[in-house]
Amino acid sequence: MNRLEKYGPPVILNLLALLPLAWLAWDIALGHLSVNPIQDIQIRTGRTAIIMLVVSLAGTPLYRLLGYRWLRLMRRLAGLYGFGYAALHFLNFIGVDYRFNLDYLRADALDKRYAIAGLAALICLLPVAVTSTRGWQRRLGRRWRYWHWLVYPAALLAVTHFFWQAKIDVSLPMVFAALIILLLLLRLPFFRRMTAGLKSRPDTDG
211 MNRLEKYGPP
221 VILNLLALLP
231 LAWLAWDIAL
241 GHLSVNPIQD
251 IQIRTGRTAI
261 IMLVVSLAGT
271 PLYRLLGYRW
281 LRLMRRLAGL
291 YGFGYAALHF
301 LNFIGVDYRF
311 NLDYLRADAL
321 DKRYAIAGLA
331 ALICLLPVAV
341 TSTRGWQRRL
351 GRRWRYWHWL
361 VYPAALLAVT
371 HFFWQAKIDV
381 SLPMVFAALI
391 ILLLLLRLPF
401 FRRMTAGLKS
411 RPDTDG
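Sequential numbering from 211 applies to the sequence shown in our numbering.
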């Protein structure tokens, strides 16, 4: 394996994952956001978090089908960036919008179902992000895989949060929901056997 094959995919994947954050920072610096910048940041970080989760969930079936090892790296990195963008989404909500006023937050936000769903999604993602290292994988053994199944309820809760908050135009949340359900179905034994039969090439670094 040459250096390009070894270091190229991680560099490219990290740059792609950081691009939405860089674009957001650029728009903030140049004043390109709307008259409600807090809402703009909330929408963009939330959507990016869901996109990252969908990409992470797609990593396993794509790896089984195509055999490229960098798809496993994509799965891990996208999951971590999904948590990162979700954390930014949450911090913007409680820190910038509510200025860490917990009394106001409890009175105004925590009785809203979309806020509960979003918080539950973030809580599900927290142990997945913390235990994503190889060290934790060794410590947890078989249990590591079960912990990382939390990414599925997290993704469903995140898209439910998006759906409930959208109110009028729910087309994008529905697209995300359909993709997540499809990726869940692909984890079932029947579909796993199908993708194993369709696999076009052996495991490769390419």
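Using N, Cα and C, we set each Cβ at its ideal position, and we do this for glycine too.
Query raised in the report: Looking at C-beta atoms only, is the number of pairs between the region 245-261 and the region 290-297 that lie closer than 8 Å three or more?
Result: yes
Query raised in the report: Which runs of the alpha helix (DSSP H) spanning at least 4 residues fall entirely within the region 275-339, listed in chain order?
Result: 280-301, 312-318
Report task. Could you say which of Leu-283, Leu-396, Ile-251 lies nearest to Ile-304 if we only look at CA atoms? Result -> Ile-251
**Report entry** Residue environment, Leu-398, which counts as buried when at least 16 other CB atoms sit within 10 Å
**Finding:** exposed
Report task. Taking only runs that begin and end inside the region 353-401, name each unbroken alpha helix (DSSP H) of 4 or more residues, in chain order. Result -> 353-358, 361-376, 381-395
Query raised in the report: Three or more beta-carbon pairs under 8 Å between the region 358-375 and the region 319-338, yes or no?
Result: yes
Requested in this report: Measure the C-alpha to C-alpha separation of Gly-269 and Met-284 and round it to an integer number of angstroms.
Outcome: 6 Å
Query raised in the report: Taking just the CA atoms, how far does Ala-288 sit from Val-265?
Result: 6 Å
Requested in this report: Tell me, please, whether the region 358-374 touches the region 306-321 by the rule of three or more beta-carbon pairs shorter than 8 Å.
Outcome: no
Query raised in the report: Out of curiosity, what's the CA-to-CA distance linking Asp-379 and Val-385?
Result: 12 Å
**Report entry** First through last residue of the alpha helix (DSSP H) which encompasses Leu-240
**Finding:** Run containing Leu-240: none; DSSP gives neither H nor E here.
Query - Three-way DSSP call (helix, strand, coil) for Thr-258 in this model - result: helix
**Report entry** Close beta carbons around Thr-341, own chain, < 6 Å, minus the five adjacent residues each side
**Finding:** Trp-357
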